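These notes are about the structure you will find just below.
Protein chains: 2
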Amino acid sequence: MRIALDAMGGDHAPMEIVRGARDAAQEFGIHILLVGDQDRIAKELNGEDAGGLISIVHAPEVVGMDEHPVNAIRKKKKSSIVVATQLVKAGSADAVVSAGSTGAQMASSLFILGRIPGIDRPAISTLLPTSDGVVVLLDAGANVDCRTQHLEQFAMMGSLYAERVLGLPHPRIGLLNIGEEETKGNELTLAAYSLLKKLDLNFVGNVEGRELFLGRSDVVVCDGFVGNVVLKAAEGLAMGLLGMFQQELGRMEEVIGRERVLHLLGGLKRRMDYAEYGGAPLLGVDGVSVISHGSSRAKAIKNAIRVAKETVEQKLVPAIKANLEKDTVKGVDE
Amino acid sequence: MRIALDAMGGDHAPMEIVRGARDAAQEFGIHILLVGDQDRIAKELNGEDAGGLISIVHAPEVVGMDEHPVNAIRKKKKSSIVVATQLVKAGSADAVVSAGSTGAQMASSLFILGRIPGIDRPAISTLLPTSDGVVVLLDAGANVDCRTQHLEQFAMMGSLYAERVLGLPHPRIGLLNIGEEETKGNELTLAAYSLLKKLDLNFVGNVEGRELFLGRSDVVVCDGFVGNVVLKAAEGLAMGLLGMFQQELGRMEEVIGRERVLHLLGGLKRRMDYAEYGGAPLLGVDGVSVISHGSSRAKAIKNAIRVAKETVEQKLVPAIKANLEKDTVKGVDE
Numbered sequence: 001m002r003i004a005l006d007a008m009g010g011d012h013a014p015m016e017i018v019r020g021a022r023d024a025a026q027e028f029g030i031h032i033l034l035v036g037d038q039d040r041i042a043k044e045l046n047g048e049d050a051g052g053l054i055s056i057v058h059a060p061e062v063v064g065m066d067e068h069p070v071n072a073i074r075k076k077k078k079s080s081i082v083v084a085t086q087l088v089k090a091g092s093a094d095a096v097v098s099a100g101s102t103g104a105q106m107a108s109s110l111f112i113l114g115r116i117p118g119i120d121r122p123a124i125s126t127l128l129p130t131s132d133g134v135v136v137l138l139d140a141g142a143n144v145d146c147r148t149q150h151l152e153q154f155a156m157m158g159s160l161y162a163e164r165v166l167g168l169p170h171p172r173i174g175l176l177n178i179g180e181e182e183t184k185g186n187e188l189t190l191a192a193y194s195l196l197k198k199l200d201l202n203f204v205g206n207v208e209g210r211e212l213f214l215g216r217s218d219v220v221v222c223d224g225f226v227g228n229v230v231l232k233a234a235e236g237l238a239m240g241l242l243g244m245f246q247q248e249l250g251r252m253e254e255v256i257g258r259e260r261v262l263h264l265l266g267g268l269k270r271r272m273d274y275a276e277y278g279g280a281p282l283l284g285v286d287g288v289s290v291i292s293h294g295s296s297r298a299k300a301i302k303n304a305i306r307v308a309k310e311t312v313e314q315k316l317v318p319a320i321k322a323n324l325e326k327d328t329v330k331g332v333d334e
Numbered sequence: 001m002r003i004a005l006d007a008m009g010g011d012h013a014p015m016e017i018v019r020g021a022r023d024a025a026q027e028f029g030i031h032i033l034l035v036g037d038q039d040r041i042a043k044e045l046n047g048e049d050a051g052g053l054i055s056i057v058h059a060p061e062v063v064g065m066d067e068h069p070v071n072a073i074r075k076k077k078k079s080s081i082v083v084a085t086q087l088v089k090a091g092s093a094d095a096v097v098s099a100g101s102t103g104a105q106m107a108s109s110l111f112i113l114g115r116i117p118g119i120d121r122p123a124i125s126t127l128l129p130t131s132d133g134v135v136v137l138l139d140a141g142a143n144v145d146c147r148t149q150h151l152e153q154f155a156m157m158g159s160l161y162a163e164r165v166l167g168l169p170h171p172r173i174g175l176l177n178i179g180e181e182e183t184k185g186n187e188l189t190l191a192a193y194s195l196l197k198k199l200d201l202n203f204v205g206n207v208e209g210r211e212l213f214l215g216r217s218d219v220v221v222c223d224g225f226v227g228n229v230v231l232k233a234a235e236g237l238a239m240g241l242l243g244m245f246q247q248e249l250g251r252m253e254e255v256i257g258r259e260r261v262l263h264l265l266g267g268l269k270r271r272m273d274y275a276e277y278g279g280a281p282l283l284g285v286d287g288v289s290v291i292s293h294g295s296s297r298a299k300a301i302k303n304a305i306r307v308a309k310e311t312v313e314q315k316l317v318p319a320i321k322a323n324l325e326k327d328t329v330k331g332v333d334e
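Chains B and H, in that order, give the protein sequences. When we follow UniProt numbering, the leftmost residue of the first sequence carries the number 1, and every step to the right adds one. When we follow UniProt numbering, the leftmost residue of the second sequence carries the number 1, and every step to the right adds one.
Listed below in structure tokens is the structure:
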């Protein structure tokens, strides 16, 4: 397997990206194609190519975080994200991973890989930690104004992702909403509820914000605006509360000792660390494209590569296609 | 001042409601009218009427949490929430407070008190704790499908609330959105941004979910669907993380001692306790109506009464009316 990794994308590129690539190549034994500035990558790599598992593909341009995504990828044909995505299109790589501009990665994936026929809007599928595991939240920000059929497609793709990549049989699908009752919601969720309950999915009904982190469902579908706001609010709150814990513990430091304070914080940080959960696949494009957090360091990059590897191994894209064809056939029969 | 309190509303009614009323009457020296089943309230009150500050207004019916709000308040003219709201309309009370069905309280407030002329959609205005204080989030769930002018009205009302009741001069008004740039957002927030920046408000631009709890703005406006989901997600996550912290500390108990563990947890719980922040006024109705959390105990009820008292004292409703008239006049001049 070959993963094309955007070596120039993210707050800590290329250093942390190259480190993550090396860790992934060694741990998973797969080929990583580092895409970006030849010289800078070679300097970071310093000859340590994980026994030949790591190679460099030169791409002289970079899309900045502040650039307009569509314009940027149209102008910068030799940018690392465009070249990395083209490697997948050409069959030279099985997946693309980037921690750069999410908009640029979405635009590259849409224009170069294209959408799976039958999918109107690809969705960013993020994993959130819950009290007893993880929940797949989609869409986490790719589509800000969704229609009912988009949520239907998110539900189908999210179910297949949870089943194949997370290994959950009959994933429970929830609809993010403001009340448990079928009668609660806005125009979009009211219409989505009546559609979702008719589908061949394990639909468990509405999931309120409060239940999102309680593991009541394996997949939660929502409009990309809501998903993005909730995801970022959760990140901000988690970090804020960790800060509070740190302050409260600080007061105890003289009593319980610095080592114990650090031990306590370490345990919490591990459990709240989003880097553990790696990247978010852009489900619905005709290829594997995994979005990693802009602040990713080596560990997050390694885990994003793991997500890409498993998504390829579990043949998620073919599974989504097959499911859509099945529905089309069904549609014809009826 | 007289506050009409729905003694039958909430998970712990009437006991905790009556206790909260007694605490508020004693601490604030104001009259509380306990509205509900005469006998049950009298039994809870047990003659302790805070030196005559507490009296009972009999209302034989109760609106259940599972009833359709509008139908329920139409049918149950003698329900505690309807009678309590009528006391305000009649001038026998200055404000109504309830921990019962939010929908029933909204419906009662809309039908009995009515909307302030110029306000299309009253908004639930909740206080959220931030790293350095509180932020007013509105709408927290009254309106699930908002238009641009609704967000404009929320911004104006939220600004006056923060200025008068929270005592913040020139409150910073933010728009909950998925990016900082003016070009980010969905149809609603893109249109709202260009409207809000033209208004006579201290508009500080878009606020991302991550910044919501960082105190970057004093007021954050959003659609009621998004606000409700974010608010409940924050509650759920905060409780979940407190549980994690409890577990981590539990492991340390033998080492640092049970007392210190409890002390640490106490400090954290206080800082994360939503009951501290009391109730959420339904801004935009022609009277003071404060919504308290359904799980409210005595402390939360007392604090909701405090919010009602301050909202009355600071003449928030007249201030909103004056502001709308000013704008109308301005409109005419132009």
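Note that CB positions come from ideal geometry on N, CA and C, so glycine has one too. Here the structure is a predicted model, which is why all the values come from computation and not from measurement.
In this structure, DSSP gives Gly205 of chain H an extended state, which the three-state scheme calls strand. Using a C-beta cut-off of 8 Å, the stretch 174-187 of chain B makes no contact with the stretch 115-123 of chain B, since fewer than three inter-stretch Cβ pairs fall below that distance.
A straight line joining the alpha-carbon of Val285 of chain B with that of Val88 of chain B spans about 12 Å. Put simply, the backbone Cα of Val62 of chain B is about 5 Å away from that of Ser79 of chain B. When Cβ-Cβ separations below 7 Å define contact, Phe154 of chain B makes no contact with chain H. Its Cα nearest to that of Ile305 of chain B, the residue B:Val97 stands out among B:Val97, B:Leu195, B:Gly294 and B:Ile173. Collapsing the DSSP output to three states places Gly36 of chain B in a strand. Within the DSSP bridge table, the entry for His31 of chain B names B:Arg2 as partners.
In its chain, beyond the 5 residues on either side, Gly100, Ser101 and Gly294 have a beta carbon closer than 8 Å to the beta carbon of Met65 of chain B.
Under DSSP, Ser79 of chain B shares a beta bridge with B:Glu61.
Not one beta carbon of chain H lies nearer than 7 Å to the beta carbon of Ser295 of chain B. Cβ atoms of Val221 of chain B and Leu151 of chain B come within 8 Å of each other, at about 5 Å. Under a 10 Å Cβ-count criterion, Pro281 of chain H is classified as buried, with 16 or more other Cβ atoms of the shown protein chains found around its own Cβ. Contact annotation, Ile81 of chain B with Asp6 of chain B: C-beta distance approximately 5 Å; criterion of less than 8 Å satisfied. At a Cβ-Cβ threshold of 7 Å, Gly20 of chain H and Lys302 of chain H count as neighbours. A Cβ-Cβ distance of about 5 Å is found for the pair Ala25 of chain B and Ile32 of chain B, placing them in contact under the 8 Å criterion. Taking a C-beta distance under 7 Å as the contact criterion, Ala95 of chain H and Ala298 of chain H do not qualify as a contact pair.
When secondary structure is reduced to three states using DSSP, Gly250 of chain B falls in the helix class.
Rounded to the nearest whole angstrom, the CA to CA distance from Gly91 of chain H to Arg2 of chain H is 10 Å.
If you check the CB distance, Gly158 of chain B and Val229 of chain B do not come in under 7 Å. By the neighbour-count criterion, in which 16 or more other beta carbons inside 10 Å mark a residue as buried, Ser55 of chain H falls on the exposed side. Ile124 of chain B sits away from Ala107 of chain B, with the two beta carbons spaced by 7 Å or more.
Residue contact check for Asp145 of chain H against chain B: a CB pair falls below 7 Å.
When CB distances to chain B are screened at a threshold of 9 Å, the residues of the stretch 59-80 of chain H falling below it are Asp66 and His68, in chain order. Of the residues B:Leu283, B:Ala142 and B:Val261, the one whose Cα lies closest to the Cα of Asp223 of chain B is B:Ala142. For Val134 of chain B, the enclosing beta strand (DSSP E) covers residues Gly133 to Leu138.
For Ile291 of chain B, there is no enclosing alpha helix (DSSP H); the residue is found in the beta strand (DSSP E) stretching over Val288 to Ile291. Distance from the CA atom of Asn206 of chain B to the CA atom of Lys232 of chain B, rounded to whole angstroms, is 21 Å. Here Leu128 of chain H is not near Leu138 of chain H, since their CB atoms are 7 Å or more apart. DSSP links Leu283 of chain H through a beta bridge to H:Ala123 and H:Val285. Boundaries of the beta strand (DSSP E) around Ser98 of chain B: Ala95 to Ser98. For Val221 of chain H, there is no enclosing alpha helix (DSSP H); the residue is part of the beta strand (DSSP E) that begins and ends at Val219 to Val221.
In the three-state reduction of the DSSP assignment, Pro171 of chain H falls in the coil class, being assigned neither a helical nor a strand state.
For Lys299 of chain H, the enclosing alpha helix (DSSP H) stretches over residues Ala298 to Glu313. The three-state secondary structure of Thr102 of chain B, taken from DSSP, is helix. Three or more beta-carbon pairs separated by less than 8 Å are not found between the stretch 231-248 of chain H and the stretch 160-178 of chain H, which leaves the two stretches without contact.
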